[in-house]
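*Asks:* Handing you this structure, nothing more for now.
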Amino acid sequence: MLSDVPEGRGEVVLVVDDDPAVLRMASRVLRRGGYQVVEAGGGMTALGVVEERGGRIDLLLTDVVMPEMGGRELSEVVSARYPHMRILFMSAYAEDEIILRGVRVTEMDFLPKPFTLDGLRDKVRNALDREGNE
Numbered sequence: 012m013l014s015d016v017p018e019g020r021g022e023v024v025l026v027v028d029d030d031p032a033v034l035r036m037a038s039r040v041l042r043r044g045g046y047q048v049v050e051a052g053g054g055m056t057a058l059g060v061v062e063e064r065g066g067r068i069d070l071l072l073t074d075v076v077m078p079e080m081g082g083r084e085l086s087e088v089v090s091a092r093y094p095h096m097r098i099l100f101m102s103a104y105a106e107d108e109i110i111l112r113g114v115r116v117t118e119m120d121f122l123p124k125p126f127t128l129d130g131l132r133d134k135v136r137n138a139l140d141r142e143g144n145e
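Numbering (this note's numbering), first residue to last: 12 to 145.
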């Protein structure tokens with residue numbers, strides 16, 4: 012049962028993860044929370060989705076470590092073309108590994124895996140509501 016985490020207001024969230032179980036679970040939780048969800052199983056697929064939608068995505072929720080194109084590289088490409096898009100990183104790797112891959116947890120919105128359902132919804136809401144998001 013989900014607690015009193017603020018609901019989505021129909022914002023579009025692109026969920027990107029190469030683990031199908033995480034992708035399905037996160038997408039289901041966010042849909043039930045009032046978000047429109049688009050899914051991608053990797054960075055290259057996500058780029059195609061972003062372009063197909065003309066950047067009409069409010070939040071990119073991406074795993075940091077993925078084959079072909081990781082979340083940091085994906086976020087750099089997306090941010091350059093669509094600076095309005097919010098970005099929330101998620102990863103199961105230790106903070107030192109994430110920093111080495113170029114994502115400084117203190118400077119970015121970050122959700123460590125494993126996460127709770129409420130934790131996911133809370134981080135997504137906070138990332139969307141935060142002013143000055145990079």
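Where is the CB? At the ideal position from N, CA and C, for every residue including glycine.
Please list, in chain order, all residues of the same chain as V49 whose beta carbon is under 6 Å from its beta carbon, the five residues on each side excluded.
*Replies:* In the sequence shown, residue 49 corresponds to position 38, counting from 1. Once the five neighbours on either side are set aside, the close Cβ partners of V49 are L25 and V60.
*Asks:* Quick check on the DSSP output: what are the complete alpha helix (DSSP H) runs of length 4 or more inside the stretch 41 to 116, in order along the chain?
*Replies:* For the stretch 41 to 116, whole alpha helix (DSSP H) runs of length 4 or above, ordered along the chain, are 54 to 63, 82 to 92 and 106 to 111.
*Asks:* Starting from V24, follow its DSSP beta bridges and name the residues at the other end.
*Replies:* For the purposes of this step, residue 24 is taken as residue 13 along the sequence shown, with counting starting at 1. According to DSSP, which records beta bridges pairwise, V24 is partnered with V48 and L70.
*Asks:* If we ignore side chains and look at the alpha-carbon of each, how far apart do G130 and R136 end up?
*Replies:* Position 119 of the sequence shown, counted from the first residue, corresponds to residue 130. Position 125 of the sequence shown, counted from the first residue, corresponds to residue 136. Answer to the nearest angstrom: the Cα atoms are 10 Å apart.
*Asks:* Is the separation between the beta-carbon of G45 and that of G21 shorter than 8 Å?
*Replies:* The residue labelled residue 45 in the question sits at position 34 within the sequence shown. The residue labelled residue 21 in the question sits at position 10 within the sequence shown. In contact: G45 and G21 (Cβ atoms closer than 8 Å).
*Asks:* Determine the burial state of R132: buried for a count of at least 16 other Cβ atoms within 10 Å of its Cβ, exposed for fewer.
*Replies:* Position 121 of the sequence shown, counted from the first residue, corresponds to residue 132. Buried, since its Cβ has 16 or more Cβ neighbours within 10 Å.
*Asks:* Check the Cβ-Cβ distances between S90 and every residue of chain D, and say whether any is below 8 Å.
*Replies:* Structure shown: chain D not included; a single protein chain is present.
*Asks:* Are there 16 or more other CB atoms within 10 angstroms of the CB of T127, so buried, or fewer, so exposed?
*Replies:* Indexing the sequence shown from 1 puts residue 127 at position 116. Answer is exposed; the Cβ neighbour count stays below 16.
*Asks:* Pull the bridge partners of F121 from the DSSP assignment, please.
*Replies:* Start at 1 with the first residue of the sequence shown, and residue 121 comes out as number 110. DSSP output for F121 lists F100 as bridge partner(s).
*Asks:* Is E79 closer than 8 Å to G52 when the C-beta atoms are compared?
*Replies:* As a first step, residue 52 is located in the sequence shown; it is residue number 41 there, counting from the start. As a first step, residue 79 is located in the sequence shown; it is residue number 68 there, counting from the start. No, the pair does not count as a contact, with Cβ atoms beyond the cut-off.
*Asks:* Which of helix, strand or coil does DSSP assign to L13?
*Replies:* Taking the sequence shown and counting its residues from 1, the one referred to as residue 13 is at position 2. Summary for L13: the model assigns pLDDT 47, below 50, so the residue's position carries little reliability, and this model does not support an answer.
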